[in-house]
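Structure, as structure tokens:
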Amino acid sequence: MKALTWHGSGKIQCDTVPDPAIEEPQDIVVKVTSCAICGSDLHLMGGFIPHMEKGDILGHECMGEVVEKGSAVKNLKIGDRVVVPFNIACGKCRMCKNELYACCERANRKKELQVEAYGYALAGAFGFGHSAGGYSGGQAEYVRVPFADVGPLKIDNDLSDEEVLFLSDIFPTGYMAAENCDIQTGQTIAVFGCGPVAQFAIKSAFLLGAKSVIAIDTVPERLRMAKKNGATTVDFDKGKVREQIRELTDGKGPDAVIDAVGLESHGAQGTMERVASAVKETLTSSERTYSLNEAILACRPAGIVSVPGVYGGNVGPVAMGAFMNKCLTMKTGQTSVRKYMPKLLKMVEDKKIDLTSVITHRSKKLEEGPELYKTFRDKADGCVKVVIHP
Ligand SMILES: [Zn+2]
Ligand SMILES: [Zn+2]
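Numbering-wise (our numbering), the sequence shown opens with residue 7 and increments by one.
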């Protein structure tokens with residue numbers, strides 16, 4: 007089959023690789039009908055995530071048709087249409103029993119790598135390197151899905167792939183980011199970054215009762231999209247972000263702030279960022295803290311900083327003094343996607359949200375994947391979200 011594979015920093019290829027097969031009784035094999043490129047795939051492409059090996063198949067946002075199943079699979083049959091969440095979880099450990107699928111204790115096949123980095127092992131993930139279990143991803147014609155009775159969501163309605171594909175990651179991730187803000191009706195939420203997850207965080211914040219959402223970015227089409235979703239936009243290249251946010255909130259600051267950017271944030275306006283840049287030059291930290299620190303500084307005292315943005319290792323200086331003295335709370339984590347899927351599918355069915363609105367680029371050929379990765383990375387050609395229908 008054809009698949010998009012990693013070959014070192016900046017190098018994505020479309021290779022011909024062996025078809026996946028059933029390895030465990032709880033596996034299914036899915037014929038991928040749609041897959042997407044995610045912002046976090048760019049962290050892999052950029053070489054920011056450790057434990058990648060040449061030839062690893064990428065992709066953690068996919069859906070398709072069940073074409074093979076293991077003997078122990080009970081909930082799915084051949085021909086079923088499924089959306090596959092990006093986490094791989096066992097469904098039986100104490101974390102899974104509490105719907106904390108992202109923290110599954112059993113599904114990661116290479117626990118030792120995460121124990122070393124984080125103290126404990128976390129769930130597996132598709133196409134996210136060997137510290138996430140080394141599972142092949144779904145930017146391919148076929149993908150093997152372990153623990154098939156736990157993760158995949160069966161789609162029984164006639165909604166198109168594009169209407170439900172993002173239940174695999176970015177809608178639940180944007181929704182959880184907003185939910186983590188504990189929004190009280192009438193509150194104001196600020197969102198750093200206007201990528202696809204941020205767009206769904208903006209929409210979710212309104213669905214959860216926010217009165218206003220302030221969205222910060224500098225890419226014109228992303229800001230336009232945020233505005234269309236109801237946000238008041240701030241261009242970080244046009245004046246100091248903190249001052250603009252203060253003005254927009256009558257000097258009080260937003261009740262919660264979402265860092266939907268993560269480790270590759272750009273922008274260098276404050277002292278913290280200059281210090282971070284300097285440290286980055288001299289130490290090994292590869293992760294930028296601009297967005298995280300701006301989120302901490304923009305938030306009102308006693309507010310919440312919600313971080314769906316991805317970080318992998320240690321980051322440079324964090325504004326811990328501001329964080330502590332302002333009595334802030336931080337909520338973060340990889341999304342336990344399966345927990346949110348049924349509820350969010352219902353929202354899609356009820357037309358409360360249109361997930362197709364973020365798609366700017368489509369292709370029917372995996373061969374075009376490597377070029378589309380570059381277009382997405384460079385935010386060229388107005389690219390916000392890429393979907394491939396292999
Ligand atoms: Zn993703
Ligand atoms: Zn588990």
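Even glycine gets a Cβ: it sits at the ideal position worked out from N, Cα and C.
Thinking C-beta only, is residue j closer than 7 Å to residue i?
| i | j | result |
| --- | --- | --- |
| VAL90 | SER174 | yes |
| ALA196 | VAL88 | no |
| ALA301 | ASP261 | no |
| LYS60 | HIS13 | yes |
| ALA9 | ILE63 | yes |
| ILE18 | MET51 | yes |
| MET347 | LEU165 | no |
| GLY192 | LYS217 | yes |
| CYS200 | ARG228 | yes |
| MET7 | GLU147 | yes |
| ILE161 | VAL149 | no |
| LEU378 | VAL393 | no |
| VAL316 | SER46 | yes |
| HIS49 | GLY135 | no |
| GLU293 | LEU269 | yes |
| PRO318 | ILE55 | In the sequence as displayed, the identity of residue 318 is Gly instead of Pro. Going by C-beta atoms, GLY318 is nearer than 7 Å to ILE55. |
| VAL35 | GLY70 | no |
Using C-beta distances below 6 Å, list every residue in its chain close to residue i, excluding the 5 sequence neighbours before and after it, in chain order.
| i | result |
| --- | --- |
| GLY180 | VAL203, PHE206, ALA207, SER210 |
| LYS332 | PRO307 |
| GLY120 | Residue identity check: residue 120 is Gln in the sequence provided, not Gly. So the list reads ALA127, LEU128, SER137, once near-sequence residues are dropped. |
| PRO31 | GLY76, SER77, ALA78 |
| GLY144 | VAL38, CYS41, GLY65, CYS68, PHE132 |
| THR11 | GLN19, ASP21, GLY61, ILE63 |
| ALA282 | Annotation note: pLDDT 48 at ALA282 (below 50); position unreliable, coordinate value reported separately. Same-chain partners within the cutoff: THR295, GLY322, PRO323. |
| GLU373 | CYS20 |
| PRO314 | THR179, ALA183, VAL203, ALA266 |
| PHE399 | Coverage of the chain is limited to positions 7 through 396, which leaves residue 399 absent and any answer about it impossible. |
Among residues of its own chain, excluding the 5 on either side of residue i, which ones have a beta-carbon nearer than 7 Å to its beta-carbon?
| i | result |
| --- | --- |
| ALA108 | ASN93, LEU128, ALA129, GLY339, GLN340, THR341, SER342 |
| VAL324 | THR295, LEU298, ASN299 |
| LEU214 | ALA184, GLU185, ILE189 |
| PHE177 | PHE206, LEU350, LEU361 |
| LYS370 | HIS395 |
| ARG383 | LEU48, MET51 |
| LYS337 | ASN186, ILE310, SER312 |
| GLY125 | none |
| LYS116 | HIS136, SER137, GLY139, GLY140 |
Consult DSSP for residue i and reduce its assignment to one of helix, strand or coil.
| i | result |
| --- | --- |
| GLU67 | coil |
| ASN320 | coil |
| GLU111 | coil |
| ALA304 | helix |
| GLN190 | coil |
| GLN250 | helix |
| HIS367 | strand |
| GLY375 | helix |
| ILE43 | strand |
| ASN299 | helix |
| THR22 | strand |
Which residue marks the beginning of the beta strand (DSSP E) containing residue i, and which one marks its end?
| i | result |
| --- | --- |
| VAL390 | Premise fails: VAL390 is in no beta strand (DSSP E) and is neither H nor E. |
| ALA262 | 262-265 |
| TYR141 | From DSSP, TYR141 is part of no beta strand (DSSP E); its letter is neither H nor E. |
| ASP167 | Per DSSP, ASP167 belongs to no beta strand (DSSP E); it is in the alpha helix (DSSP H), 167-170. |
| MET336 | 335-338 |
| ARG87 | 87-90 |
| LEU10 | 8-12 |
| ALA221 | 218-223 |
Within the same chain, show all residues whose beta-carbon is closer than 8 Å to that of residue i, passing over the 5 residues directly before and after it, in chain order.
| i | result |
| --- | --- |
| CYS96 | CYS102, CYS110, GLU111, ARG112, ALA113, PHE153, VAL156 |
| THR255 | THR194, ILE220, ARG306 |
| ARG100 | GLU111 |
| GLU105 | SER342, ARG344, LYS345 |
| VAL225 | CYS200, LYS385 |
| LYS358 | LEU213 |
| ILE251 | ALA196, ILE220, ILE222, VAL240, GLY259, PRO260, ALA304 |
| ALA27 | VAL35, GLU74, ARG150 |
| SER15 | MET51, GLY52, GLY53 |
Kindly indicate the opening and closing residues of the alpha helix (DSSP H) around residue i.
| i | result |
| --- | --- |
| LYS103 | 100-103 |
| MET330 | 326-331 |
| TYR181 | 176-185 |
| ALA123 | 117-124 |
| GLN205 | 202-213 |
| LYS244 | From DSSP, LYS244 is part of no alpha helix (DSSP H); its letter is neither H nor E. |
| VAL343 | 343-355 |
| ARG230 | 226-234 |
Using a Cβ cut-off of 7 Å (strictly closer), state whether residue i contacts chain D.
| i | result |
| --- | --- |
| ASN331 | No chain D is present in this structure, which holds just one protein chain. |
Next item on the list: Determine contact between the stretch 141-157 and the stretch 71-88, defined as no fewer than three beta-carbon pairs at a distance below 8 Å.
Entry: A contact between stretches requires three or more CB pairs, one per stretch, nearer than 8 Å, and the stretch 141-157 meets this requirement with the stretch 71-88.
Notebook entry, point to check: For the 8 Å Cβ check, are there 3 or more pairs between the stretch 233-241 and the stretch 375-395?
Noted result: Taking a cut-off of 8 Å on C-beta distances, the stretch 233-241 does not touch the stretch 375-395, as fewer than three cross pairs fall below it.
Check: Taking one C-beta from the stretch 357-364 and one from the stretch 27-46 each time, how about it: are there three or more such pairs within less than 8 Å?
Finding: Taking 8 Å as the limit for Cβ pairs, the verdict is that the stretch 27-46 does not touch the stretch 357-364.
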